[in-house]
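In the order they appear, the protein sequences are chains U and X.
Note that the numbering used here numbers the first sequence so that position 12 is 12, with each residue one more than the last.
Note that the numbering used here numbers the second sequence so that position 36 is 36, with each residue one more than the last.
All C-beta atoms, glycine included, are put in the ideal place defined by N, C-alpha and C.
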Amino acid sequence: MKNISKKIIIGLLAGIVSGLFSTGGGMIVVPAFIYLLNMEDKKARGTSIFCILPMVITSGIFYYRSNYIDWNISILCAIGGMIGGYIGAKILKKIPVQYLKIVFTIFLIYASYKMLFK
Amino acid sequence: MIEILIGIISGIISGTGMGGGTILIFLLVYVLGIDQHIAQATNLIFFIPTSIIAIIINLKNKNIALQSAIFISIFGILGAIIGANISIQINVNILRKCFGIFLAIIAIHEIYTIVKWYKKQKLRNNKKNEYIK
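And the structure:
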C-alpha cells in the first residue's frame, strides 16, 4: 500500500474534526483524496462516506454516554434527511453546482458570523 | 414538524457534497434554539441512515477504494475518540464559537474553489476567442 503516512494523517485529522464538530470530515477527506492521493472525484466521494461512517459512530457513542442525544429531534431530522436526500438527487442534476456553491458560501459566512458574534 | 423540515433542507444540501451537516447544526441551534452539543449529536444520528444507503450504492458501483478506506477508517476512529472527548469537555459557548471559526474556514475554502473555477472558465473562453480570431 502506498502513501501510508499521508493516509494516517488524513484519517486522524478527519477523525478529530468529525469528533469535535460531528461534521466536516468529508470536507477534509474528499479534497485530501483528490489532491494528495490522486483519486478521481467519484471514487473520492464514495470512499469518503465509507471512511466517515465509523468516525460518526465512534463519536456517537461518546455523545450518547454524555446524554447529548435527543432521540425525538434526531429521528425526525433523520426522516427529513432521507426525504431531502431523495429530492436532492432528483433536482440537483438540473441546477448548476457552481450557483449552489455561491449560495452555500454566502450562507456559511452568515452562519459563522452568527455563531461567533451572537 | 420543524425538525423534519430542517432535515429535508439539510438532506437536499447533503446531496451536493457541500456538507448538509453544517446547515443542520446551524438551523437546529438558531431555529430551534437547542444546545450546540445536542445539535451536533443530532447530526451524527442524521448522518447514519443516509450514509449506509450511499455506501451500499457506492460499493455496488465500485466507487470505493476499499483497502485504503479500511486503513484510513482505523485512524479515523482514533481521531474521533480524541475529537469527541475534547468536544464533550468543552463549554457550550466556546464550542459554538469554535464551530463558527470552522464555518469561516470552510467559507474561505469555498471562495477559493469558486475563484479557481471562474479563472479556469475565463482562460477557456480566452482560448476560444483566440481560436476564432
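- Scan the stretch 86 to 102 of chain U for residues whose Cβ lies nearer than 7 Å to a Cβ of chain X and list them as they occur along the chain. I87, G88, A89, L92, V97, Q98, L100, K101 and I102
- Message: By the DSSP assignment, the alpha helix (DSSP H) with L37/U in it spans what residues?
- Response: Translated into positions along the first sequence, residue 37/U becomes position 37. L37/U -> no alpha helix (DSSP H), and no H or E assigned at all.
- Query: Hey, I8/X and G80/U are a contact pair by Cβ (cut 8 Å); roughly how many whole angstroms apart?
  - Reply: The residue given as residue 8/X occupies position 8 in the second sequence. The residue given as residue 80/U occupies position 80 in the first sequence. Rounded, the Cβ-Cβ distance is 4 Å, consistent with contact.
- Closest Cα partner of F50/U within the set G25/U, Y63/U and I16/U: Translated into the one-based positions of the first sequence, residue 50/U becomes position 50. Nearest of G25/U, Y63/U and I16/U to F50/U, Cα basis: G25/U.
- Could one say the Cβ of I119/U lies closer than 8 Å to chain X's Cβ atoms, at least one of them? For chain U, the structure presents residues 1 to 118; residue 119/U sits outside this window and is missing.
- Could you name the residues of chain X that S66/U contacts, counting a contact when the two beta carbons are closer than 7 Å? As a first step, residue 66/U must be located in the first sequence, where it is residue number 66. Ordered by position in chain X, the residues that pass the 7 Å Cβ test against S66/U are I88.
- Message: Just to confirm the assignment, what range does the alpha helix (DSSP H) spanning V29/X have?
- Response: Here residue 29/X refers to the residue found at position 29 of the second sequence. First-last for V29/X: undefined, no H or E at that position.
- Got a sec, what are the start and stop residues for the alpha helix (DSSP H) S14/X sits in? To locate residue 14/X, count along the second sequence from 1; it is residue 14. First-last of the alpha helix (DSSP H) with S14/X: I2 to S14.
- Query: If you draw a straight line from the C-alpha of I16/U to the C-alpha of N129/X, how long is it?
  - Reply: Taking the first residue of the first sequence as position 1, residue 16/U is located at position 16. Taking the first residue of the second sequence as position 1, residue 129/X is located at position 129. If I take the Cα positions, the gap works out to 48 Å.
- Task: Using the Cα positions of Y63/U and T23/U, report the straight-line distance between them to the nearest angstrom.
- Result: For this step, residue 63/U is matched to residue 63 along the first sequence. For this step, residue 23/U is matched to residue 23 along the first sequence. One C-alpha to the other measures close to 13 Å.
- Message: Please confirm whether S5/U has its beta-carbon closer than 8 Å to some beta-carbon of chain X.
- Response: The residue you call residue 5/U lines up with position 5 of the first sequence. Closer than 8 Å: no.
- Query: Under 7 Å Cβ-Cβ, which residues of chain U neighbour K120/X?
  - Reply: Within the second sequence, residue 120/X is the residue found at index 120, counting from 1. Residues of chain U passing the Cβ test: none, with the nearest at roughly 11 Å.
- Extent of the continuous alpha helix (DSSP H) to which N63/X belongs: Reading the second sequence from its first residue, position 63 is the one you call residue 63/X. Counting along the chain, N63/X falls outside any alpha helix (DSSP H), and DSSP gives it neither H nor E.
- Message: Given this structure, state the Cα-to-Cα distance separating L12/U from I77/X, to the nearest angstrom.
- Response: On the first sequence, residue 12/U is found 12 positions in, with the first residue counted as 1. On the second sequence, residue 77/X is found 77 positions in, with the first residue counted as 1. Cα to Cα, L12/U sits roughly 8 Å from I77/X.
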